[in-house]
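These notes are about the structure you will find just below.
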Ligand code: ADP
Ligand code: MG
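In UniProt numbering, the protein residues as written are 1 to 420.
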C-alpha cells in the first residue's frame with residue numbers, strides 16, 4: 001500500500017490486508033484502537049480485539065517529520081526500516097528482552113509488534129520510586145549479547161563489514177551529533193536552559209576548554225568507531241518493564257558505533273534519576289537514602305553484569321570461532337587484550353554517559369525525572385549536581401579503576417551545594 005498517515009479509524013481495515021494478522025485476530029470488525037500519545041517522534045497505536053484481550057498488537061508508524069515539532073522538522077521515513085531491522089536482529093539475539101515483530105510494511109513505514117501489556121516505561125516507574133529487582137541483570141544481558149554478537153569479536157570480517165554497510169543511519173546519527181555532542185557546549189539556539197540554572201553553571205560547561213576537548217573526543221568516537229550494532233538511544237524511556245520482565249523498545253537510532261555509547265546511555269539515566277530522587281523521595285515523605293542506594297547499586301550491577309557476561313561470551317566463542325587475535329601459545333595474550341579492551345569500553349561508557357547527562361540539562365530534550373520537579377530550587381539543585389557529576393566523569397574517564405569508584409564520586413558530587 002502506498003504511504004499514507006494512518007488514523008485509529010483506518011487501522012483495522014489496513015491490518016486486515018496484512019496476511020500475518022490473520023493469525024492474531026479473528027474479527028477485524030471488532031478491533032479497539034487506542035493511540036498512545038507519549039512518543040516524541042512517531043505514532044503508536046495499541047489494537048485489541050473486543051472480548052479477546054490476548055489478541056492484541058502494537059502498531060508503530062513513522063511519518064515524514066518529527067512528531068513533537070511538526071512538519072517543520074522533516075525526517076525521512078527510512079528510520080522505520082532501521083527500526084524494524086534492529087528489532088529483528090536484537091530480537092534474534094535476545095528474544096526475552098525485545099518485542100517480537102509480527103509484520104512490517106516498508107512502504108507504509110510501519111511495524112506491527114508484540115504488545116507489552118503489563119509493562120510500563122521504566123522512566124515513569126523510576127520517577128515513582130519503584131524498585132525493579134531484575135532490571136540490571138536483564139539490561140546487562142541485553143547489552144552483552146547485542147554488543148558482542150554484532151562485533152568483530154564474534155562475526156567474520158566480511159560479515160561484519162557487510163553488517164556495518166547495512167546499518168547506516170546518517171539522518172538520526174546527525175541528530176545525536178548535534179544535540180548530544182555539539183549544541184549543549186556551544187550556546188546554540190536549540191538549547192533549552194532550565195529556568196533556575198545559574199549562569200555560572202552554564203559557563204562551566206561552555207567556557208571550559210578541557211571539557212570541550214573531551215566532548216570532541218567522544219563525538220569523534222561516536223562518528224568513527226564501528227564496534228557493534230548499537231541501539232543508539234538506550235535511555236530509560238526506551239525500556240518497558242515490570243518486576244519480572246524487561247523489554248528494550250524504539251531502536252530507530254540504531255547504527256554501528258562504539259559499544260560504550262549504549263552502556264553509558266543507560267547508566268547516565270540512572271545517575272539522572274539519582275540526583276532527582278533526593279527531592280522526589282523527600283517530597284513523597286520518604287527517606288531518600290534507600291532508593292538512591294538502589295539506583296547506584298543498579299549502575300554497578302549493570303556495568304559489572306555487562307562486563308562479566310560479555311567476557312564470558314567472548315571466551316566461550318573464541319573456542320569455536322576464529323579467535324580475534326589468533327591462536328597464541330598460552331592464552332595469556334588474549335586475556336591481556338581482553339582486559340585492555342574492557343578498560344577502553346569502560347572509559348567510553350563514562351564519557352558517553354557524561355555527554356548524555358549534560359545534554360539532558362541544557363539541551364533540547366529533557367528528562368522528566370528532573371524537568372518534572374515543580375519546585376524550581378529543588379530542580380536547579382538536581383541540575384547543578386548532574387552537571388558536576390558529568391564534568392567529573394568525562395574529565396576523569398581514564399582514571400577510574402572501577403565502577404565502585406565511579407558511584408563513590410557520584411555520591412560525593414551528588415551532594416554538591418547550590419552555591420559551590
Ligand atoms: P517514539 O519513537 O515516538 O519515541 P516509542 O517507540 O518510544 O516511540 O513508543 C512510544 C510509546 O508507545 C512508548 O512510550 C510506550 O508507551 C508505547 N509503546 C511502544 N512500543 C510498545 C509496545 N511494544 N507495547 C506497548 N506499548 C508500546
Ligand atoms: Mg522513543
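All residues carry an ideal CB built from backbone N, CA and C; glycine is no exception.
Per DSSP, the bridge partner or partners of residue i
| i | result |
| --- | --- |
| residue 61 | 43, 110 |
| residue 246 | 241 |
| residue 346 | None; residue 346 has no bridge partner. |
| residue 414 | Beta-bridge pairing links residue 414 to no other residue. |
| residue 33 | 47 |
| residue 66 | 70 |
| residue 255 | 230 |
| residue 52 | 49 |
Nearest candidate by alpha-carbon position, reference residue i, set the options
| i | options | result |
| --- | --- | --- |
| residue 6 | 98, 255, 219, 111 | 111 |
| residue 479 | 413, 175, 207, 337 | What the structure shows of the chain is the stretch from 1 to 420, and residue 479 is not part of that stretch, so it cannot be assessed. |
| residue 396 | 220, 232, 213, 303 | 213 |
| residue 324 | 151, 117, 89 | 151 |
| residue 264 | 404, 299, 281 | 299 |
| residue 222 | 40, 57, 348, 79 | 348 |
| residue 53 | 351, 368, 25 | 25 |
| residue 137 | 303, 368, 352 | 303 |
| residue 391 | 84, 163, 294, 201 | 201 |
| residue 170 | 273, 78, 4 | 78 |
| residue 403 | 307, 361, 326 | 307 |
Whole-angstrom C-beta distance between residue j and residue i, which should lie under 8 angstroms
| i | j | result |
| --- | --- | --- |
| residue 120 | residue 289 | About 25 angstroms separates the two Cβ atoms, so there is no contact after all. |
| residue 253 | residue 218 | With a Cβ gap of about 16 angstroms, residue 253 and residue 218 do not count as contacting. |
| residue 148 | residue 313 | 5 angstroms |
| residue 32 | residue 50 | 6 angstroms |
| residue 383 | residue 130 | At roughly 23 angstroms, the Cβ-Cβ gap does not stay under 8 angstroms, so residue 383 and residue 130 are not in contact. |
Exposed unless 16 or more other CB atoms sit within 10 angstroms - verdict on residue i
| i | result |
| --- | --- |
| residue 220 | exposed |
| residue 190 | exposed |
| residue 246 | buried |
| residue 230 | buried |
| residue 280 | buried |
| residue 19 | exposed |
| residue 73 | exposed |
| residue 107 | exposed |
| residue 83 | buried |
Residue i - containing alpha helix (DSSP H), residue span
| i | result |
| --- | --- |
| residue 230 | Run containing residue 230: none in the alpha helix (DSSP H); it sits in the beta strand (DSSP E), 228-230. |
| residue 421 | One cannot answer for residue 421 here, as it falls past the ends of the chain, which runs 1 to 420. |
| residue 323 | Counting along the chain, residue 323 falls outside any alpha helix (DSSP H), and DSSP gives it neither H nor E. |
| residue 285 | It is not in any alpha helix (DSSP H) - residue 285 carries neither H nor E in the DSSP assignment. |
| residue 394 | 376-395 |
| residue 436 | Outside the displayed range of the chain (1 to 420) lies residue 436, so it cannot be described from this structure. |
| residue 84 | 78-93 |
is_contact[residue i, chain D] using C-beta, thresh 7 angstroms
| i | result |
| --- | --- |
| residue 172 | Here chain D cannot be found, since the structure has a single protein chain. |
Beta strand (DSSP E) segment containing residue i, residue limits
| i | result |
| --- | --- |
| residue 104 | 101-105 |
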